[in-house]
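Below: the structure, in structure tokens.
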């Protein structure tokens, strides 16, 4: 029996902590195999077995130990268990699972309508072509009725195409093809039967017959799953360090404390997407239809409107107090959180009713100004494919809860590429919130054919004068970009001042129609 003691780890280090046992009492360990992890005030390190044998742990996890204290004992005279060399066959009655009845598999029946053409559907009056972004299913796949098979992208949104009938798929168009409405995307042979049961009999049989073996190869760990010492892991989590930017120096590619500190101290050494240091790589990517449309419309807005921006600032103390006071009851009652967007949307809807030019369209060729007696507010949503602006209808008639539900619904659809044309059409005014990304101030571009757009920004605690005294308040800069061809300076400034007034006195929003009903809603 030999003793494994806490090794010397540095001149100034007198004690360490046993972080965890890698092996446990009764385990057979090989010579130099890692059995425990220790942590000093400077680093984390591993302790290896000095001889092969049966391990007996002495110290407990989280114990603080001095240099030379006994960690464990190893009985090097113990024989290596037979199970470590090869798995021993066991009687079927002990280890083999009891036979399970296979789930009944429904008989596959063909639809029997022959080969059907799947065509590009109509997605909007003004849209004549789309791009095939990707095939979800491939040629030869058996598809069920209404199962998504492809993803298309128009100039306004991305949407899925579903199989019209069950059968065997044969793709016709290729990914990145630009297709016109009515073009053939694919063919479905409905004379081929498609099983309705998800699991095939052969798969079920193999599941009951096979069991994992000790010799099964473990999955290869990715860089993001890199092993790190406890101290290093804590720093990585606290500082949100990307492990791709850390050079591991520990045993077996383990990230140590000093590796993380070195990465933090040398941010200039971080690389682009795993490329080597001082990379000069360049990448060309084809613009999507959505990105092309965004580019075209932004330039059109800049070139065809007399666009100006006016600014103001809002003290959000009262809005934040209401949110803090009623957030739990609001969530319990309505199932959604009480956010800022509902307050801003409601304030804008009221201000739009008082300054209708801000809510209007202009057609200079026809010499017509179209005024809207309703507020359909577009909410700018950033998605991986680009900016989309789905519309909340009749905001003036909605409660705060209705607005919050609409915002969540539209944002979720946008990020999942589920927005329909009806979600994007129309809109009399737009709100964009750059503050969620940390923007302090900006001049948003008008969303044509609208005449104005409100920009929200970051909420920052700043000192302001309140009744002759300096106080720290949560302040936000707001910006209104507007088309000066239809909106005069007086109207634009007055609109923004009204929005400021409503937000700084939210009781004007809450009690505008029915104060008793509003209190019950909150």
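Residue numbers (this note's numbering): 795 to 1316. Beta carbons: idealized from backbone N, C-alpha and C, even for Gly.
The beta carbons of residue 853 and residue 863 sit closer together than 9 Å.
Here residue 1130 is buried. Its C-beta has 16 or more other C-beta atoms within 10 Å. Residue pairing by DSSP places residue 1149 opposite no residue, since no beta bridge is assigned to it. Going by C-alpha positions, residue 921 is about 21 Å away from residue 1177.
Counting only the Cα atoms, residue 937 lies some 46 Å from residue 1140.
Counting along the chain, the unbroken alpha helix (DSSP H) around residue 1032 starts and ends at 1024-1033. For residue 1256, DSSP records a beta bridge to 1267.
Setting aside the 5 residues that flank it on each side, residue 822 is surrounded in the same chain by 846, 847, 848, 849, 872, 874, 875, 878, each with a C-beta closer than 8 Å to its C-beta; the list follows chain order.
Put simply, of 1050, 1222, 1108, 944 the residue whose alpha carbon is nearest the alpha carbon of residue 930 is 944. Burial is judged here by how many other beta carbons sit within 10 angstroms of a residue's own beta carbon; residue 1029 has at least 16 and is buried. Unbroken beta strand (DSSP E) runs of no fewer than 3 residues, entirely contained in the stretch 1215-1245, are found at 1223-1227, following chain order. The stretch 950-969 and the stretch 903-916 touch, with no fewer than 3 CB-CB distances between them shorter than 8 Å.
Here the alpha carbon of residue 1205 sits roughly 18 Å from the alpha carbon of residue 947. With three or more CB-CB distances shorter than 8 Å, the stretch 1231-1247 counts as touching the stretch 1271-1284.
CA-CA distance, residue 811 to residue 1031, rounds to 21 Å.
Taking 9 Å as the cut-off, the beta carbon of residue 977 is found no closer than this to the beta carbon of residue 928.
Only buried fits residue 1050, as 16 or more other CB atoms lie within 10 angstroms of its CB. Counting along the chain, residue 969 sits inside no beta strand (DSSP E), nor does DSSP assign it H or E at all.
With 16 or more other Cβ atoms from the protein chains shown falling within 10 Å of its own Cβ, residue 1053 counts as buried.
Within the stretch 1106-1169, the complete beta strand (DSSP E) segments of 3 residues or longer fall at 1155-1157, 1162-1164, listed in chain order.
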